[in-house]
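**Student:** Attaching a single structure in structure tokens format; questions to follow.
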């Protein structure tokens, strides 16, 4: 039986070599570590209160999400959490709508909407399901099992609605790599936990060009506009000044998260991900162009100017 929730606040994923790539404006070479920074990756909790962390872990295990303030959107669940059947649907005006297609990319008052799929300091690999009607959020499945990260992700993680990394699209400097056929991913550096399925207003500040099994998988790094520090950060330079090392930490986490086990040991047969442009983040201007390109690809998809394959357009 569907359980209705009102989740959403008001408006307001030895390093292998990669072929050389042409760098777009705003990128330079940067050294990426060749071994995992285990203490940083596994000791990732930003809080010193272990009991708080344990509580968050238990909530993640059960997906027992707290209620959020009222907003134009709500959510309802089908199935039990941590099962193959679980789905979280977005609702508006009493009916189900699509997380991917119906939430506008551009947010009122500035910034962009973003859908948080995985709350910070949790491990369940939740994602927008683009192959099902209304694109609900569900837990990813790998090798017949519900997928969890080997270590908690340090940040709120999600996707930009109305964007698409089209397989046939050619990104400048990433020629030869196909898009991963998903919405563009975001990493929210705000320390505020955000529940799975929440729609936030998001400020993009940097972009990391991750190549995952040969496919382009952009990571747009930015901040929740509800965060008190968001007004003071408007560029990559300001981000690095206010949050030194955070963008590098994002790159390192996504480099190694599939290649080391919970003990921080290399997993045999699993290679770390690769980041193009020398691992250097693109600046804010270049990042906004990436978002715009992703939105244009999505528009071509829903306008049926390209093949949808198994993707659902409503």
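In the UniProt record's numbering, the protein residues as written are 1 to 314.
Virtual Cβ for every residue (Gly too), placed ideally from N, Cα, C.
If you're wondering where the values come from, they're calculated on a predicted model, not measured in any experiment.
Report the rounded CA-to-CA distance for residue 225 versus residue 161, giving the unit in angstroms.
**Tutor:** Taking the straight line from one Cα to the other gives about 16 Å.
**Student:** Less than 8 Å between the C-beta atoms of residue 314 and residue 197, yes or no?
**Tutor:** no
**Student:** Over the uninterrupted beta strand (DSSP E) stretch that includes residue 113, give me the two end residues.
**Tutor:** 112 to 118
**Student:** Helix, strand or coil for residue 229 per DSSP?
**Tutor:** Three-state result, residue 229: coil.
**Student:** Cβ atoms of residue 147 and residue 125: under 8 Å apart, would you say?
**Tutor:** Yes; because the gap between Cβ atoms is below 8 Å, this pair is in contact.
**Student:** What is the rounded straight-line gap between the Cα of residue 49 and the Cα of residue 168?
**Tutor:** Note on residue 49: pLDDT 40, under 50, position unreliable in the model; no value is reported.
**Student:** Three or more C-beta pairs closer than 8 Å, one from the region 208 to 217 and one from the region 169 to 189: is that the case here?
**Tutor:** yes
**Student:** Measure the alpha-carbon distance for residue 88 versus residue 240 and round it to whole angstroms.
**Tutor:** 35 Å
**Student:** According to DSSP, is residue 314 part of a helix, a strand, or is it coil?
**Tutor:** coil
**Student:** Name the DSSP beta bridge partners of residue 266, please?
**Tutor:** 260
**Student:** Using only the alpha-carbon positions, how far apart do residue 29 and residue 281 sit?
**Tutor:** Unreliable positioning characterises residue 29 in this predicted model, as indicated by a pLDDT of 40, which lies under 50. A coordinate reading is not provided.
**Student:** With a 10 Å radius around its C-beta and 16 neighbouring C-beta atoms as the bar for buried, classify residue 201 as buried or exposed.
**Tutor:** buried
**Student:** Using a Cβ-Cβ cut-off of 6 Å (strictly less than) and excluding sequence neighbours within five positions of residue 215, which residues of its own chain qualify?
**Tutor:** 178, 180
**Student:** If you follow the alpha helix (DSSP H) that residue 241 is part of, which residue opens it and which one closes it?
**Tutor:** 236 to 242
**Student:** Could you tell me the distance, in whole angstroms, from the CA atom of residue 308 to the CA atom of residue 133?
**Tutor:** 13 Å
**Student:** Would DSSP call residue 205 helix, strand or coil?
**Tutor:** For residue 205, the secondary structure class from DSSP, reduced to helix, strand or coil, is strand.
**Student:** How far does the alpha helix (DSSP H) with residue 298 in it extend, from its first residue to its last?
**Tutor:** 284 to 302
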